[in-house]
Amino acid sequence: MESKKAPSRALRAYGDRQNDGMIQLSFVLEIAPSARAKEAARQFAELHGVQEALVTTMESCAEGYTYFVVYGHSQHAIDAASIDVPEVRTEALSREEIEQRVKSRLGRKIVVVGACTGSDAHTVGIDAILNYKGYAGDKGLESYKAFESYNLGAQVENDQLAERAQALKADVILVSQIITQRNCHKENALALVELAKKQGWRDQVAMLLGGPRIDHKLALELGFDAGFGTGTKPSDVASFVVEWMCGNRESAGVAIAAAAGAGEPKAP
Amino acid sequence: MLTVPMDTEKVARCRKLAGAVADDVQTYIDSHTSVGVERTILRAFGADGVDDQGAPLVNLVVDRYAAAGLLGRGISFFLGRAILAGAADIQDAAERLAYGPELDKGESGPDAEAARQALVPFTKQALDRIDGARAERESNKTRTKPGASPLKYVIVATGNIYDDALQAKAAAYAGADVVAVIRTTAQSLLDYVPHGATTEGYGGTFATQENFKIIRRATDEAATEYGRYIHQTNYSSGLCMSEIAWMGAVERLDMLLNDAMYGILFRDINPCRNFVDQYVARRLIARAGIVINTGEDNYLTTADAVDKAHTVLASQFINESFAKRAGVKDEQMGLGHAYEIDPSIENSFLLELAQAQLIRQVFPVHPIKWMPPTKFKTGDIFQSHVHDAMFSLVGVATHQSIELLGMFSEAVHNPMLMDRYLSLKATKYVFNAAKSLGEEFAIRPDGLMAKRAVQVLDEALTLLEEVERESIWKAIERGAFADVKRTRTGGKGFKGVFERSKDYLNPVLTALETT
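So the sequence lines, in the order shown, correspond to chains A and B. Going left to right, the first sequence walks through residues 1 to 268 as this note's numbering numbers them. Going left to right, the second sequence walks through residues 1001 to 1515 as this note's numbering numbers them.
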């Protein structure tokens, strides 16, 4: 992250000489290879701002589909000084950083208890975050030495969850709410926070809420410490927890807000 | 000719230890059944369909008898009695068991032998159906021959079975020999198999019997069009491991991902449930002539591929032993391993080559499965493409049987049409350019690769000695594999395991075991 603003200057893609704008594209069009297809690819590249487009490869990659590689001069320029980039104060921690921080700063495992509460029988989200296998190549919390995780599964009532979390001396409670009707996910989540307050242990644990209709803002409104929406990876949750437990609680929250805004939403 | 030093006595010792490990579990398997097993048997007899809520009939029957504490006698016992009580056929009998006002408590009336007798013609039909599918596959393979090995294996994962069929044909056109349809996230944790064709999935497509048919049709068409047999693959794992194995058997799948311990370690499936279901799945797989693909590659995505290479080999011996006890032939065992060493390590390529060659020699007739780099892939697709080429070079040089192709976009998204095309193109180049590499070079007997192979086998032997001494249950409990710890009664699906009664009836399994 640069601290100073770069001087105003129009940047073009750099190939071999300044401002030549050279870029390459590769793509597939649903058309069989032919002279017409080649011209279509050239014009397609031009529509993307590529001048003097040169189609360097045209191959049939499936019946009726052609794979193209195109070189050309991008006519676009960008002034890096003119763009507004939100300051991201924390980024997702690497596995090594997570293990290291917990070991050196906490000196014990972080106990995480997760459940789908209420009538929700869909454990897809909680399993993706906690199970070893994880989600989209990102291993779950079970795979870290830093965490001792308990997946209580589906249809866990709030009082059951509270009891288990107390018995296990949970540092973190993870609640997943996937299927919902008439906002029952909100009521359910709110009820758990109320219960925690009534029983007097709300401030002793971090409470995290996840699900396709959840975001960080909503979770905070419901009295949770963080909210995770669609596309959350186990390492996002792990990073937050580690920041929360042995770092800076402020920056933990900021990290989530940044992560929520970044990238395409993916399936749970 | 590439060869690494391999002490055949140590290999024999590993096999013996792994055999003892499997024998210990087999006594447990032989005295238990599960809801998954009993559902599988109902399907094998021909029970099918779902209720108005989408719940499969086989689940309704088995859950009802499980809840009543009667499943230990085998659902076949009650099915046979329903036939004797006048049910028109298997479907009618199963519906009576599911919906009949009175639950059959099995207290009086026909005994297990009488029920078995009543099921004789249906048992024959169940076996004939599996044998018929196998014969059809074998005849298709005679008509259109498979490509040369390593077979080029690719994955499609659109979520919509009709798009998967299109992508499967496109992959075959571009040179793929094997097409796997990846399953939707966490299907392995569902304790039922969804019904019918599906068009929505997360990160993959539901495995259903109808979906299997749709892909089989597409790959058969592709085989005819391109003059090369196209293999179809899916996943026999999780809580419906044995039901999916049966579906694969009758729908002519060629390969099934099926591992003795994967579900326990990576999906937190209860160990007892996993072993019981795995055995019946493999009995069906053995009969159907399907090739299993085991999942040892997964160990290396979490544990270090240099330090933990021996756990892969030890697990392969264990997988082999379990498969043998279920009647699976060596020629059906696609034991898995992977190219997952950190590419920044000096001579990482040589370490990979040594391990791949060792596995080839230890399992000489097994159709071993070579898995691509994933752990150290980044969004740099160009570098990733080179990484994959090195992987393929090891694959062809060490004569791997099945190679799951690496994708340059591995760290970015599920493979797209162009990604698969370019991967196939590059792999064809490497396989062709280095076709006889393995025959033309020899490995120095005192060199780095030879030493590595010796070390890995030694460490595998030590680990197997430990596992044998303490039993697999204890080994899993202390995290001997992939650093994951699981207890015997923990995990998902333990409630679905039942001790078999003295007169337990399962004529389909008996036939699979004895004929």
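Quick reminder that beta carbons are idealized off the backbone N, C-alpha and C, glycines included. All figures in this text were calculated on a predicted structure; none of them were measured in a lab.
Asked	Found
Inter-residue Cα distance where the pair is B:Val1011 and A:Ser26	49 Å
The region 1441–1451 of chain B / the region 1188–1197 of chain B touching (three or more Cβ pairs under 8 Å)	no
Best match in A:Gln166, A:Gln24, A:Arg249 and A:Gly231 for proximity to A:Thr56 [C-alpha to C-alpha]	A:Gln24
B:His1231, enclosing beta strand (DSSP E) - first and last residue	His1231 to Tyr1235
Residues of its chain near B:Pro1056, where Cβ-Cβ distance is below 7 Å and the 5 sequence neighbours each way are ignored	Val1050, Tyr1192, Val1193 and His1195
Proximal residues, the region 1483–1495 of chain B versus chain A, C-beta separation under 7 Å	Val1484
Close-in-space but distant-in-sequence residues of the same chain around B:Ala1044 (CB under 6 Å, 5 per side omitted)	Ala1126, Trp1246 and Val1508
Status (buried if at least 16 other CB within 10 Å, exposed otherwise) for B:Ser1139	exposed
First through last residue of the alpha helix (DSSP H) which encompasses A:Val175	Segment Val172 to Ser176 is the beta strand (DSSP E) holding A:Val175; no alpha helix (DSSP H) there.
Residues sharing a beta bridge with B:Tyr1173, DSSP	B:Tyr1173 pairs with nothing; no bridge assigned.
Closest by C-alpha distance to B:Thr1144, when choosing among B:Arg1228, B:Phe1206 and B:Ser1392	B:Arg1228
Minimum Cβ-Cβ distance from B:Tyr1504 to chain A less than 8 Å	no
Interface residues of chain A facing B:Arg1267 [CB-CB closer than 9 Å]	Asp127, Asn131, Tyr132 and Lys133
Helix, strand or coil at B:Ala1303 [DSSP, three-state]	coil
For A:Ser277, the nearest candidate out of A:Leu168, A:Gln160 and A:Asp159 (CA to CA)	The structure shown does not extend to residue 277 of chain A, since chain A spans only 1 to 268, so no value can be given for it.
Contact with chain A by B:Ala1223, beta-carbon distance below 8 Å	no
Spatially closest choice to A:Thr123 from B:Leu1437, B:Phe1349, B:Ala1482 and B:Thr1185, by CA coordinates	B:Thr1185
Burial state of B:Val1120 (16 or more Cβ within 10 Å)	exposed
Chain-order list of residues whose beta-carbon lies under 6 Å from that of A:Pro273 (same chain, five-residue window excluded)	There is no way to answer for residue 273 of chain A, as the model of chain A reaches only from 1 to 268.
Span of the alpha helix (DSSP H) around B:Ile1285	Pro1271 to Ala1288
B:Ala1326 versus B:Gly1072 - alpha carbon distance	21 Å
Interface residues of chain A facing B:Leu1417 [CB-CB closer than 7 Å]	Val28, Cys61, Ala62 and Tyr65
Contact set for B:Gln1187: own chain, Cβ-Cβ below 7 Å, skip 5 residues either direction	Phe1206, Ala1207 and Gly1238
Short-range partners of chain D found in the region 1154–1181 of chain B, where Cβ spacing is below 7 Å	In the displayed structure, chain D is absent; the protein chains listed are A and B.
Burial state of B:Leu1417 (16 or more Cβ within 10 Å)	buried
One or two residues paired with B:Trp1370 in a DSSP bridge	B:His1337 and B:Glu1403
Cutoff 8 Å: B:Thr1374 Cβ touching any chain A Cβ	yes
Delimiting residues of the beta strand (DSSP E) encompassing A:Gly137	Unbroken run through A:Gly137: none, as it is neither H nor E.
Closer than 8 Å to chain B by CB, A:Thr123	yes
C-beta neighbour in chain B for A:Gly231, strict 8 Å	no
A:Ala115 (DSSP reduced to helix, strand or coil)	strand
Stretch pair the region 1276–1288 of chain B + the region 1254–1262 of chain B: three plus CB contacts closer than 8 Å	yes
Any chain A beta carbon closer than 8 Å to B:Thr1185	yes
Near the ligand ATP: B:Glu1331 beta-carbon under 7 Å from a heavy atom	Absent from the structure shown: the ligand ATP. Ligands present: none.
Distance CB(B:Tyr1421)-CB(A:Tyr67) smaller than 8 Å	yes
Distance between B:Gly1201 and B:Val1154 (C-alpha atoms, nearest Å)	19 Å
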